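For reference, the structure is listed below as structure tokens.
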Amino acid sequence: MTQKWKLQDIKLNSSSNSRVKKRASSITTKKRRRPLNNHDLLHKKNEREPKTILITDKNKSRKKKSKMAILFLLSVIGIFFLFGILFQKTIITVTPKTASPNIDAKFTAYSESGDDKLTYEIRTLELTGEGQVKATGKTEVEEKAAGIIEIVKTTPGNERLIKNTRFRTQGMIYRAQESVVVPGAKKNKKDELIPGKVRIEVFADEAGEKYNINSGASFDIPGFQESGLKELYNSIKATNPEPFSGGFIGPQFEIDDTELASTKQAIQVNLKNSLLEQAKKEKLANFLSFPNSYTITYESLPALEYKNDIVTIREKAILQIPFFSEEKFAEFLAAQSIPDYKTGEKIRINDSTKLTFSYVSTSTLSTKLTSLEKIDFKLTGKPLFIWKYDKDKLKADLAGTPKKSIYNIMPAYSGIESIKSKIRPFWKRRFSKDLKNIELIESVDTNR
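Under my numbering, the residue at position 387 of the sequence shown is numbered 584, and the numbers go up by one with no gaps.
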């Protein structure tokens with residue numbers, strides 16, 4: 198007998214059940230598809246295309262990185278070397294030898310050069326001023342010209358000239374105010390014969406303006422010629438370094454002494470102030486002078502009629518200043534005041550205003566320095582002396598040498614107390630060969 202089954206009594210196993218459900222689901226949930234856009238097509242295409250897999254060689258990658266590192270290192274080294282070439286510099290700091298002695302002594306300087314002598318040169322400034330005064334009358338006067346001459350003897354042996362000895366130039370006769378001894382020529386260290394010289398004041402044999410001659414005239418002594426003393430006549434001559442003045446013949450105004458003195462004083466004060474201002478502006482290079490070293494003299498020039506009984510008084514002021522060579526003055530003073538200074542060493546005075554100058558005799562202040570053979574003066578103060586050295590030679594000696602060579606070179610420079618060096622870039626061990634790259638700095642304590 199066949200058993201009949203009802204539909205609800207039939208059970209499916211789990212796997213079959215699952216397949217049935219999926220199928221039913223696909224049938225029951227099937228929906229209408231939307232059209233695909235470009236993005237979807239692209240995405241779908243990419244899904245279909247196979248993916249590319251890159252395979253790299255690790256050894257090759259390491260070599261590439263090593264090359265890049267080497268190139269970078271070489272670049273850095275190249276930059277350093279370029280920096281060293283472009284910015285290389287040698288800085289030399291030199292401390293020169295110094296001394297600061299106390300000076301309070303008298304010295305003598307000469308107008309003419311000689312062995313181991315301090316010499317000077319004279320700077321002369323002249324100015325004329327005038328003023329008006331009332332005259333009380335006129336009187337006839339005769340005045341003789343006067344001036345300074347320098348007598349020179351070119352042969353050995355001194356020669357004495359008596360007072361009123363005649364000197365002749367251009368047919369005019371002048372006479373010596375006082376007797377004088379003319380020194381004979383002497384040999385110096387080089388075995389050269391140096392003429393003897395002396396200066397004296399002379400006055401014209403006659404009055405008159407024609408005797409007011411210019412400077413540079415040549416004089417002889419006619420007495421030697423007349424006496425047949427040919428050797429003395431040829432060996433002794435003279436010249437005038439300054440013009441002669443004072444010669445006059447004619448009427449001279451009579452003026453009240455008090456008014457004349459007052460007017461002259463006012464003119465002279467103005468002249469002095471003007472000349473001192475001019476002297477400050479006109480300084481000589483490589484020479485030094487001192488504020489209190491100038492001398493000033495005045496000459497009264499012939500008065501001129503102004504109008505009616507008013508006359509013009511004229512005064513000439515002559516200011517003279519001794520100038521010393523900076524180098525020679527420093528060396529002379531160092532030899533006199535610094536015990537360990539050696540003759541011939543180059544030295545300089547840092548600031549000459551630290552010295553005070555004064556004449557031994559106050560009468561020198563009103564004397565024409567051109568009439569003197571020497572000047573006696575006193576110096577007081579505490580100047581700073583600085584030894585000099587050849588800066589260019591020092592740079593040349595160091596150029597291209599090892600850094601340590603500086604200590605071997607230093608003993609050759611007696612004017613250097615200590616020396617330091619700095620080389621850029623830091624890895625350089627030699628001084629630059631190019632002198633332009635060597636900078637020299639001098640270190641001095643000027644507050645001593």
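We treat Cβ as the ideally placed atom computed from N, Cα and C, and that holds for glycine. Given the structure is predicted, the values throughout are model-derived calculations rather than measurements.
- When the alpha-carbon of G597 is set against those of D631, W624 and S611, the nearest one is in D631.
- Non-local C-beta neighbours of G354 in its own chain, meaning closer than 8 Å and more than five positions away in sequence, comprise G381, ordered along the chain.
- Here E451 is not near G328, since their CB atoms are 8 Å or more apart.
- Annotated three-state conformation of D594 is helix, per DSSP.
- Using a C-beta cut-off of 8 Å, the stretch 285-295 makes no contact with the stretch 491-501, since fewer than three inter-stretch Cβ pairs fall below that distance.
- Shortest Cα-Cα distance from I370 to any of T352, K341 and V395 involves K341.
- Cβ contact annotation for E347 (same chain, cutoff 8 Å, sequence separation greater than five): K394, V395, R396, A435, T436, N437 and P438, in chain order.
- Using a Cβ distance threshold of 8 Å, S555 and N489 count as a contacting pair.
- Within its own chain, no residue has a Cβ closer than 6 Å to the Cβ of G447 once the five positions on either side in sequence are excluded.
- The Cβ neighbour count for Y538, taken over all protein chains shown within 10 Å, is at least 16; the residue is labelled buried.
- In this structure, the straight-line span from the alpha carbon of Y604 to that of L595 is close to 10 Å.
- Counting only runs of at least 3 residues, the stretch 598-629 fully encloses the following beta strand (DSSP E) elements, listed from N- to C-terminal order: 613-621.
- Shortest Cα-Cα distance from I359 to any of I345, V349, T352 and V377 involves V377.
- Under DSSP, T577 forms a beta bridge with D301 and T553.
- Shortest Cα-Cα distance from I345 to any of R621, F628 and E398 involves E398.
- Around V557, the same chain offers K303, D573, F574 and K575 as residues with beta carbons nearer than 7 Å, after the five sequence neighbours per side are excluded.
- Between the alpha carbons of I433 and A373 lies a distance of about 14 Å.
- In terms of CA proximity to K477, F520 leads the group F520, A306, G444 and L566.
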